[in-house]
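Colleague: Protein chains in written order, with our numbering: chain A, 908 to 1311; chain B, 908 to 1311.
C-beta: ideal position from N, C-alpha, C; glycine also.
The structure's right below; bear with me while I get my questions together.
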């Protein structure tokens, strides 16, 4: 039995017309193979539902919250299947508990643990198309759980991995681009990219795919591609393992995020255990610290410690660190929230030297000051003044010849 | 464990304020006993969902249709429980499959077969309030089913019957009235009424309670009452068995329906089997025929046959009967759709003579012509010209002294 897994995001099921358009893609595909379509809620619906719950409680209790927001995908799935049945496609919508999709116990940020593929195979003997809600599952207590923002991508990859099928993510853009086309007009669509690069791009700000879904596809070696539901005939981007790429480009893409903040603690005592006194309480407060930088002072006793975090968490982090001032033992705390992070990603960096040099040259020539640098095997990230973001991305895109 | 079952209809959960108001009723009640609240969808929501499905198919396929419209109650239940949790009430919303509520196999007009009370008792050990969706269940194939219009009342009574608890229906009126207060300004709220009378009132047009729910309450002897969610302190109407009523009023209430139509077939051969040739095809076409009247012609060979049906079904019925003209063998078919039905209901009719006489006198005095009469043990129904409806109801209400 040949099976394809297709995922349609919120904008691809965001209106009656969008549902019909995406339904036609499913219909076409179902003529060549069995189809499992994983759907998001209609665009805006999840936000509407979240706002509704918030009008009854600042922090809605998790069981009921997940019951409320899971109705969004259930509705879009049912509507899609009604449309397909009307088009004479043998289709049915499923609810996550009917399969079931089993997740970890926690609510609102669950992880998928198990998908009952036997049930799916059995249903595919009766139906040509199954429509499954993304973003949700049930836990071992039989409660509805949700996966957190962007979870539908992960649901789709998990279903594909369980069935050993290909997964195509239909969205409102043509594919993954070398950088944001809103900033660089000649940004190019990437035809093929490795899981690792895609993972770095996704986690560094490219919003086409959710990081967790790429991670899962990489681990399970699931063939993943991204296409536009508006132009389904156009080739999108294929995400695959490095071996399948004929040639590794030195740099594949450039991403940026503007919602960064930086905190610097001056004259922190440089001795074991200090870091955990700083980052332990932050982690407990659910604050994700990203880049960390430490410079030892001249006398070797003290260090200046800087790190970045999401801008929305800045106030909370400052509060925690000020409360712990005497415990940590620092002199001053300095913060800024007008910074952005730019990342240059490419598996070719491993073998090609000079990427960092090109980056420094380009920014230097354009008088853009680099505040922090971090590197990994296939990525260089820098922190700069937010006002230079667009210029930096444009100049780097050109310098690395990504438009060609 | 003392348990109360409360049901809140669409208008009682139709807005944020309504949910909070009804939530406060649940909260108050939960201080004295455990509460199971059965909720409808927010008013208008089920219609919105039905219209959505219809925009994808004229006749949506049943599985997906029920998946779509069942989201309405799931959302209102979750929101209610979020509000209650925020008010420090130990509450959770449940989905019908979690309990489960088992129904007959068919979709869109299912009947409840079984409610797993063990699960409810177990949950009531952990929670003070359970919020349950009305109107829906799952069938033996594990598919979501719905009970048809007004099914939430039936869900509530079924839950109460399963747990041997009292059931209070909260709605947007104070209780059951002697007749429609919009027509008769001094209509009185009925404090106590028997199941049988309520059943006749409900099926004859009093819209406060759904007929099926009264039937079920009567069969299971479930104590049922109706109250206003806007004025929860006010006593409503208690529906109980006849024995608990101290004194039977001759007439308890007067109802009317304006959406009636009448069909007359002239000179039908008066021989066995003709009726089934007429009513068989109508029943197959899902048309509910109500009053039937047959007059034998003077020669004893032919009959004129009249019957009433919902006005919305008139065209369809005429089509069926015209197609079968030669098979049935009638001379002419005559229809009218400007008629209404008025029913006078009361268990006291059994022992008190003269009800019919008062009715005839009253209408005669007011020059209202009676087209058809049918009677049962506790009800007299008449068919009159629609334009006389209000006058007839007003005069009868007065004649039977229902305002006293």
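1. If the cut is a Cβ gap below 9 Å, which residues of chain B does residue 944/A touch?
2. So, are the CB atoms of residue 1022/B and residue 1069/B less than 8 Å apart?
3. Given this structure, state the Cα-to-Cα distance separating residue 913/A from residue 1026/A, to the nearest angstrom.
4. Closer than 8 Å between beta carbons: that is the criterion. Which residues of the stretch 1066–1078 of chain A meet it against chain B?
5. Where does residue 960/B fall in DSSP's three states?
6. Along chain D, in chain order, which residues have C-beta atoms closer than 7 Å to that of residue 986/B?
7. Mind pulling the chain B residues with CB within less than 9 Å of residue 972/A?
8. Give the C-beta separation of residue 1254/B and residue 1149/B to the nearest angstrom, bearing in mind that I take them to be a contact with Cβ-Cβ under 8 Å.
9. Return no unless some Cβ of chain B is closer than 8 Å to the Cβ of residue 1043/A.
10. Closer than 8 Å by beta-carbon distance: list the chain A residues that pair up with residue 1188/B, in chain order.
11. Taking the beta carbon of residue 1304/A as the centre, do at least 16 other beta carbons fall within 10 Å, making it buried, or is it exposed?
12. With a threshold of 8 Å between beta-carbons, can residue 992/B be considered close to chain A, or not?
13. Taking its Cβ as the centre, do 16 or more other Cβ atoms sit within 10 Å of residue 1041/B, making it buried, or is it exposed?
14. Would the stretch 1090–1100 of chain A count as touching the stretch 1050–1059 of chain A if we require 3 or more Cβ pairs under 8 Å?
15. Flag residue 867/A as yes if its beta-carbon sits less than 8 Å from any beta-carbon of chain B, otherwise no.
16. Helix, strand or coil for residue 1317/A? Go by DSSP, reduced to three states.
17. Against chain B, which members of the stretch 908–930 of chain A pass a CB distance test of less than 8 Å?
18. Judging by CA-CA distance, which residue of 1077/A, 1079/A, 1076/A and 1097/A is the nearest neighbour of residue 1086/A?
19. So what's residue 1097/B in DSSP terms, helix, strand or just coil?
20. Quick check on DSSP: helix, strand or coil for residue 913/A?
21. Output yes or no for whether 8 Å exceeds the beta carbon distance between residue 1009/A and residue 1047/A.
22. Compute the Euclidean distance between the alpha carbons of residue 1116/B and residue 911/A, then round it to the nearest angstrom.
23. What distance in whole Å lies between the Cβ atoms of residue 1074/A and residue 1129/A, which are believed to be in contact at a cut-off of 8 Å?
24. Under 8 Å, Cβ to Cβ, is there at least one residue of chain A near residue 1012/B?
25. Note down, in chain order, every chain A residue with its Cβ under 7 Å from the Cβ of residue 1319/B.
26. Taking the beta carbon of residue 960/B as the centre, do at least 16 other beta carbons fall within 10 Å, making it buried, or is it exposed?
27. Under a CB-based cut-off of 8 Å, is residue 1143/A close to chain B?
28. Tell me whether the stretch 915–933 of chain A and the stretch 980–995 of chain A touch, counting them as touching only if at least three CB pairs, one residue from each stretch, are closer than 8 Å.
29. Using the Cα positions of residue 1029/B and residue 1122/B, report the straight-line distance between them to the nearest angstrom.
30. Establish whether the CB of residue 999/B and some CB of chain A are separated by less than 8 Å.
31. What separation, rounded to the nearest whole angstrom, lies between the Cα atoms of residue 1233/A and residue 1192/A?
32. Alpha carbon to alpha carbon, what distance is there between residue 1045/B and residue 1034/A?
33. Alpha carbon to alpha carbon, how far is residue 921/B from residue 943/B?
34. Excluding five sequence neighbours on each side, which residues of the same chain lie with their C-beta closer than 6 Å to the C-beta of residue 918/B?
35. Pull up the DSSP beta-bridge partners for residue 944/A, would you.
36. Spatial neighbours of residue 1017/B within its chain, please: CB distance less than 6 Å, with the 5 preceding and 5 following residues excluded, ordered by chain position.
Modeller: To lay it out plainly:
1. Start at 1 with the first residue of the first chain, and residue 944/A comes out as number 37. Within 9 Å Cβ-Cβ: nothing; residue 944/A doesn't reach chain B, min ~13 Å.
2. Residue 1022/B sits at position 115 when you count from the first residue of the second chain. Residue 1069/B sits at position 162 when you count from the first residue of the second chain. Yes, they are a contact pair.
3. As a working mapping, residue 913/A is identified with position 6 in the first chain. As a working mapping, residue 1026/A is identified with position 119 in the first chain. The alpha-carbon atoms of residue 913/A and residue 1026/A are separated by roughly 18 Å.
4. none
5. As a working note, residue 960/B is residue 53 in the second chain. In the structure shown, residue 960/B sits in a helix (DSSP, three-state: H, G or I).
6. Although the question refers to chain D, the structure presented lacks it and instead comprises the protein chains A and B.
7. Your numbering for residue 972/A matches position 65 in the first chain. Those within 9 Å of residue 972/A in chain B are 985 and 989.
8. As a working mapping, residue 1254/B is identified with position 347 in the second chain. As a working mapping, residue 1149/B is identified with position 242 in the second chain. Yes, residue 1254/B and residue 1149/B are in contact; Cβ-Cβ is about 6 Å, under 8 Å.
9. Position 136 of the first chain, counted from the first residue, corresponds to residue 1043/A. Closer than 8 Å: no.
10. Along the second chain, read from residue 1 onward, the residue named residue 1188/B stands at position 281. Those within 8 Å of residue 1188/B in chain A number zero; the least Cβ separation is about 28 Å.
11. In the first chain, counting from the first residue as 1, residue 1304/A sits at position 397. Here residue 1304/A is buried. Its C-beta has 16 or more other C-beta atoms within 10 Å.
12. The residue you call residue 992/B lines up with position 85 of the second chain. Yes, residue 992/B lies at the interface with chain A (some Cβ there is under 8 Å from its Cβ).
13. For the purposes of this step, residue 1041/B is identified with residue 134 of the second chain, where counting begins at 1. With 16 or more Cβ atoms within 10 Å of its Cβ, residue 1041/B is classed as buried.
14. Output reads no: the stretch 1050–1059 of chain A does not touch the stretch 1090–1100 of chain A.
15. This structure gives no information on residue 867/A, because the portion of chain A shown stretches from 908 to 1311.
16. No information on residue 1317/A is available, as it lies outside the stretch 908 to 1311 that chain A covers here.
17. 923, 926 and 927
18. By 1-based counting over the first chain, the position of residue 1086/A is 179. The shortest CA-to-CA distance from residue 1086/A to any of 1077/A, 1079/A, 1076/A and 1097/A is the one to 1097/A.
19. Here residue 1097/B refers to the residue found at position 190 of the second chain. Three-state DSSP puts residue 1097/B in coil, outside helix and strand.
20. As a working mapping, residue 913/A is identified with position 6 in the first chain. Here residue 913/A sits in strand by DSSP.
21. The residue you call residue 1009/A lines up with position 102 of the first chain. The residue you call residue 1047/A lines up with position 140 of the first chain. Cβ atoms of residue 1009/A and residue 1047/A: closer than 8 Å.
22. Working through the second chain from its first residue, we reach residue 1116/B at position 209. Working through the first chain from its first residue, we reach residue 911/A at position 4. Between residue 1116/B and residue 911/A, the C-alpha separation is close to 49 Å.
23. Position 222 of the first chain, counted from the start, is the residue given in the question as residue 1129/A. Position 167 of the first chain, counted from the start, is the residue given in the question as residue 1074/A. Going by Cβ atoms, the distance from residue 1129/A to residue 1074/A rounds to 6 Å, so yes, they are a contact pair.
24. Locating residue 1012/B in the second chain gives position 105, counting from the first residue. No, residue 1012/B does not count as interfacial toward chain A.
25. Only positions 908 to 1311 of chain B appear in this structure, which leaves residue 1319/B out of reach.
26. Taking the second chain and counting its residues from 1, one reaches residue 960/B at position 53. Its Cβ being crowded by 16 or more others within 10 Å, residue 960/B is buried.
27. Against the first chain, residue 1143/A aligns to sequence position 236. It does not: the Cβ of residue 1143/A has no partner Cβ on chain B nearer than 8 Å.
28. Counting Cβ pairs under 8 Å, three or more are found: they touch.
29. Looking up residue 1029/B in the second chain gives position 122. Looking up residue 1122/B in the second chain gives position 215. Looking at the two C-alpha atoms, the distance is approximately 29 Å.
30. Sequence index remark: in the second chain, residue 999/B carries index 92 (1-based). True, the Cβ-Cβ gap to chain A drops below 8 Å.
31. Numbered from 1 along the first chain, position 326 holds the residue referred to as residue 1233/A. Numbered from 1 along the first chain, position 285 holds the residue referred to as residue 1192/A. Straight-line Cα distance between these residues: approximately 19 Å.
32. Residue mapping note: residue 1034/A aligns to position 127 of the first chain, counting from 1. Residue mapping note: residue 1045/B aligns to position 138 of the second chain, counting from 1. Cα to Cα, the separation comes out at about 20 Å.
33. Along the second chain, read from residue 1 onward, the residue named residue 921/B stands at position 14. Along the second chain, read from residue 1 onward, the residue named residue 943/B stands at position 36. About 19 Å.
34. The count along the second chain starts at 1 and reaches residue 918/B at position 11. These residues qualify, in order along the chain: 950 and 1079.
35. One-based indexing of the first chain puts residue 944/A at position 37. DSSP, once it has assigned bridges, lists 913/A and 1038/A as partnering residue 944/A.
36. Numbered from its first residue, the second chain carries residue 1017/B at position 110. Same-chain partners within the cutoff: 1010, 1011, 1052 and 1054.
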